[in-house]
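**Student:** Letter by letter, the sequence shown follows residues 1324 to 1568 in the working numbering. Every residue gets a Cβ at the ideal spot worked out from N, C-alpha and C, and that includes glycine. Just so we're clear, the structure is a prediction, and the values are computed from it rather than from any experiment. I have a structure I would like to understand better, so I am pasting it below and will then ask my questions one at a time.
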Amino acid sequence: MDPMTEPLRRRMLTLLLGEALCLPARPASATRPVLPLFVGTGRSAQASSMLAWLAAQMDVEWDFRPTPWLRAQKLAAAGEGLMYGLSRTAQREKELLFSLPVWSNHTWAIVRDGAQAEIRRYADLSGQFVCWARGSSYGDLFTAAGLGRMRGIESADDDGALSMVGAGRCRAALLTLEAGKADQALRHPALKDLRALGLALVPKPVAETPLHFVTGLDSRWAWAITRINQVVSRSHQELERIRQG
1324 MDPMTEPLRR RMLTLLLGEA LCLPARPASA TRPVLPLFVG TGRSAQASSM
1374 LAWLAAQMDV EWDFRPTPWL RAQKLAAAGE GLMYGLSRTA QREKELLFSL
1424 PVWSNHTWAI VRDGAQAEIR RYADLSGQFV CWARGSSYGD LFTAAGLGRM
1474 RGIESADDDG ALSMVGAGRC RAALLTLEAG KADQALRHPA LKDLRALGLA
1524 LVPKPVAETP LHFVTGLDSR WAWAITRINQ VVSRSHQELE RIRQG
């Protein structure tokens, strides 16, 4: 008769698998790990669904912490938790550990009503003042497209950027959303008051950008990035289904 009891066998298997995958092993009876996650204050239905699905696949729980964009990046870099929704840039790679891309988001331009047909791509904004939320990477993306430096005006958040367009301080505001079609984008909470503000969405997104989870390079939450990568690498079709809503 095998002297190894079934509970002991399961425990040893858990330890071996955890070591092989570089994941912290924990007893099956333990509660799920709770991961601090810095997020924006206006999550879409698609993002909420994706985060719930991913938590179930990872066997974790999120501790959602709505935080202004730039502060969220700093807290993630300091190892205080994870952040979702960042694009990858050379500067950010100096202090952040990036997951695989979860899906690609789309950059939309919002202009004063009547001017939406004039902007269809980044190049149409060259040499003009553009507003965006502090901590965004639109300037880097503009440079990477070979268009020089964008004349950016930062606001505290997306609402502030929209207000500055309405006040005539900039030609357009840039926002990044999951939706790739205008009718879907207009259902996002951040754009619910466009008509009242005298603003309009351009017909098509001006850019597409892969988005990632991040944490600090030396963060104690780095194991979660490994686990996210394991799920994402095998779940492209499911993630796309969630993104399409």
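D1480: buried (16+ other C-beta within 10 angstroms of its C-beta) or exposed?
**Tutor:** Working through the sequence shown from its first residue, we reach residue 1480 at position 157. D1480 is buried by the Cβ-count criterion.
**Student:** Give every residue of the same chain whose Cβ lies closer than 7 Å to the Cβ of A1378, excluding the five residues on either side of it in the sequence, and list them in chain order.
**Tutor:** As a position in the sequence shown, residue 1378 is number 55, starting the count at 1. So the qualifying residues of the chain are E1384 and W1385.
**Student:** Going by DSSP, what residues sit across from M1406 in a beta bridge?
**Tutor:** Position 83 of the sequence shown, counted from the start, is the residue given in the question as residue 1406. F1361 and V1537.
**Student:** P1391: which of M1373, G1483, Q1553 and D1382 sits nearest, CA to CA?
**Tutor:** Mapped onto the sequence shown, residue 1391 falls at position 68. Answer by Cα proximity: G1483.
**Student:** Please classify S1556: is it buried, with 16 or more other beta-carbons within 10 angstroms of its beta-carbon, or exposed?
**Tutor:** In the sequence shown, counting from the first residue as 1, residue 1556 sits at position 233. Exposed, since its Cβ has fewer than 16 Cβ neighbours within 10 Å.
**Student:** Considering Cα atoms alone, identify which of Y1407, A1401 and Q1567 is closest to I1548.
**Tutor:** Reading the sequence shown from its first residue, position 225 is the one you call residue 1548. That would be Y1407, whose Cα lies nearest to the Cα of I1548.
**Student:** For R1415, tell me which candidate among H1559, S1460 and H1429 has the shortest Cα-Cα distance.
**Tutor:** On the sequence shown, residue 1415 is found 92 positions in, with the first residue counted as 1. When only C-alpha atoms are compared, the closest one is S1460.
**Student:** Quick one: Cα of L1346 to Cα of R1435, how far?
**Tutor:** Counted from its first residue, the sequence shown places residue 1346 at position 23. Counted from its first residue, the sequence shown places residue 1435 at position 112. Any reading at L1346 needs caution, since the residue's pLDDT is 40, under 50, leaving its predicted position unreliable; the model's value is listed next. So the alpha carbons of these two residues sit roughly 50 Å apart.
**Student:** Short of 8 Å in beta carbon distance, which residues of its chain neighbour K1420, apart from the five on each side in sequence? Order them along the chain.
**Tutor:** Position 97 of the sequence shown, counted from the start, is the residue given in the question as residue 1420. A quick correction: the sequence has Leu, not Lys, at residue 1420. Excluding positions up to five away in sequence, the list reads V1537, T1538, G1539, L1540, S1542, A1545 and I1548.
**Student:** Please determine if the region 1517 to 1530 and the region 1557 to 1564 are in contact, where contact requires at least 3 C-beta pairs separated by less than 8 Å.
**Tutor:** The region 1517 to 1530, when compared against the region 1557 to 1564, does not touch it at the 8 Å Cβ threshold.
**Student:** From the DSSP output, read off the bridge partner residues of N1428.
**Tutor:** Along the sequence shown, one-based indexing puts residue 1428 at 105. N1428 is bridged to T1532.
**Student:** Where do the N-terminal and C-terminal ends of the beta strand (DSSP E) with S1558 fall, by residue?
**Tutor:** By one-based count along the sequence shown, residue 1558 stands at place 235. Here S1558 belongs to no beta strand (DSSP E), and DSSP marks it neither H nor E.
**Student:** Relative to the C-alpha of M1381, which residue among I1551, L1522 and R1564 is closest?
**Tutor:** Indexing the sequence shown from 1 puts residue 1381 at position 58. Of the listed residues, the one whose Cα sits closest to M1381 is I1551.
**Student:** Compare the Cα-Cα distances from Y1445 to each of K1515, A1432, A1401 and A1456 and report the closest residue.
**Tutor:** Translated into the one-based positions of the sequence shown, residue 1445 becomes position 122. The shortest C-alpha separation from Y1445 is found at A1432.
**Student:** Going straight from the alpha carbon of L1409 to that of L1534, what length do you get?
**Tutor:** Position 86 of the sequence shown, counted from the start, is the residue given in the question as residue 1409. Position 211 of the sequence shown, counted from the start, is the residue given in the question as residue 1534. If you take the alpha carbons of L1409 and L1534, they lie about 5 Å apart.
**Student:** Among L1514, G1462, A1508 and L1485, which has the Cα closest to the Cα of A1413?
**Tutor:** Residue numbering aside, residue 1413 sits at position 90 when the sequence shown is read from its first letter. It is G1462 whose Cα lies nearest to the Cα of A1413.
**Student:** Taking the CB atoms as reference points, tell me whether Q1396 and G1475 lie closer together than 8 Å.
**Tutor:** Walking along the sequence shown from the start, residue 1396 turns up at place 73. Walking along the sequence shown from the start, residue 1475 turns up at place 152. Cβ atoms of Q1396 and G1475: not closer than 8 Å.
**Student:** Hey, how far is the Cα of A1508 from the Cα of A1496?
**Tutor:** The residue labelled residue 1508 in the question sits at position 185 within the sequence shown. The residue labelled residue 1496 in the question sits at position 173 within the sequence shown. Taking the straight line from one Cα to the other gives about 14 Å.
**Student:** What are the complete alpha helix (DSSP H) segments, minimum 4 residues, inside the region 1478 to 1526?
**Tutor:** You should have 1481 to 1489, 1505 to 1508 and 1517 to 1520.
**Student:** Between the alpha carbons of P1512 and L1485, how many angstroms are there, rounded?
**Tutor:** Looking up residue 1512 in the sequence shown gives position 189. Looking up residue 1485 in the sequence shown gives position 162. Roughly 13 Å between the two C-alpha positions.
**Student:** My output table needs one value for W1544: the three-state DSSP class, helix, strand or coil.
**Tutor:** Counting from 1 along the sequence shown, the entry for residue 1544 is found at position 221. Three-state DSSP puts W1544 in coil, outside helix and strand.
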